Amino acid sequence: MIKVAPSILGADFSKLAAEVETVKEAGYLHIDVMDGHFVPNITLGPGVLADVAKRTEQILDVHLMIENPDNYIAQFAEAGADIISVHVEACPHLHRTIQNIQEQSVGAAVALNPATPLETIKHVLPELEMVLIMTVNPGFGGQSFIPEMVDKIKELNQMIEEQNLDVDIQVDGGIKPTTTAVEAVEAGADILVAGSAIFGAEDREKVIKEFQNVKS
Ligand SMILES: O=C(CO)[C@H](O)[C@H](O)COP(=O)(O)O
Ligand SMILES: [Fe+2]
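Rendered as structure tokens:
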């Protein structure tokens, strides 16, 4: 079964606890943290994550779209993050940042913007639990999947197989059940992030099941 991580960016923040409850069957919850510097949008911080963590058993997958992520890793870990993704573009000392995440007993993941080559993570791949391939430019929900990212997912899958590693490939941005999710899974994606496709639906459980049943 394919893993699916509903992105709370698609939720109504005025009733966040109730929104999170509607997607609990997914098992994962994707938390988009934006600082208004690394991306042109601002979302939430560790305080909100701590409150969400009190209300759910879901695996909390925290996508940090922030500059200087090292300054905040401990706070997000204490707030309840299970996996933390940092952007390679925001980490001049990426290996050290990965170590900082691991020291907090949290799964370490690295995210890549669409234009960032896979070469940037080649030498840290064995350290990672997950790689997040951005399939849109980060900052906003509801954007269109960039088709060139299919080859990037394939290439990453090949890198992981060549090194005989156990690293999940997560895709994020414009993921829809019958189209881009299928393309991403066929290319090798293991975890599908979806904001608008899930939170924009009447029957969210049905959409989650559709994602989980995508076949490669
Ligand atoms: O990281 C993100 C944006 O930067 C979000 O996780 C992503 O965009 C999800 O939204 P949608 O499924 O609507 O594209
Ligand atoms: Fe995200």
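Numbered by our numbering, the letters in the sequence shown go through residues 26 to 241 in order.
Just so it is clear, CB atoms sit at the ideal spot from N, CA and C, and this is done for glycine as well.
Computed from a predicted structure; not experimentally measured.
A Cβ-Cβ distance of about 6 Å is found for the pair I158 and K177, placing them in contact under the 8 Å criterion. With a cutoff of 7 Å, S32 counts as near ligand 2, since its C-beta is closer than that to a heavy atom of the ligand. G132 is bridged by DSSP to I108. In the pairwise beta carbon analysis, the segment 222-237 is classified as not touching the segment 179-194: fewer than three pairs are separated by under 8 Å.
Apart from the 5 residues on each side of it in sequence, G166 sits with its Cβ closer than 6 Å to the Cβ of L34, G35, G220, S221 in its chain, given in chain order. Three or more beta-carbon pairs separated by less than 8 Å are not found between the segment 123-130 and the segment 139-146, which leaves the two stretches without contact.
Contact between Q188 and L150 holds: CB atoms are separated by about 6 Å, below the 8 Å threshold.
Collapsing the DSSP output to three states places H88 in a strand. A206 places its beta carbon less than 8 Å from that of V239. L153 has its alpha-carbon roughly 9 Å from the corresponding atom of L190. Secondary structure in the segment 161-212: the alpha helix (DSSP H) runs of 4 residues or longer, each lying completely within the stretch, are 174-187, 205-212 in chain order. Taking the CA atoms as reference points, S130 sits about 14 Å from S110. In the structure shown, the three-state DSSP call for L153 is coil. Cβ neighbours of V73 within its own chain (closer than 8 Å, five residues either side excluded): L41.
Residue pairing by DSSP places K28 opposite I216 in a beta bridge.
G72 carries a helical assignment under DSSP once its states are collapsed to helix, strand and coil.
The continuous beta strand (DSSP E) containing I56 extends over residues 53-59. Nearest neighbour of E208 by Cα position, chosen from Q127, I216, S241, N66, turns out to be S241. Following the DSSP letters along the chain, one finds A222 inside the alpha helix (DSSP H) bounded by residues 221-224.
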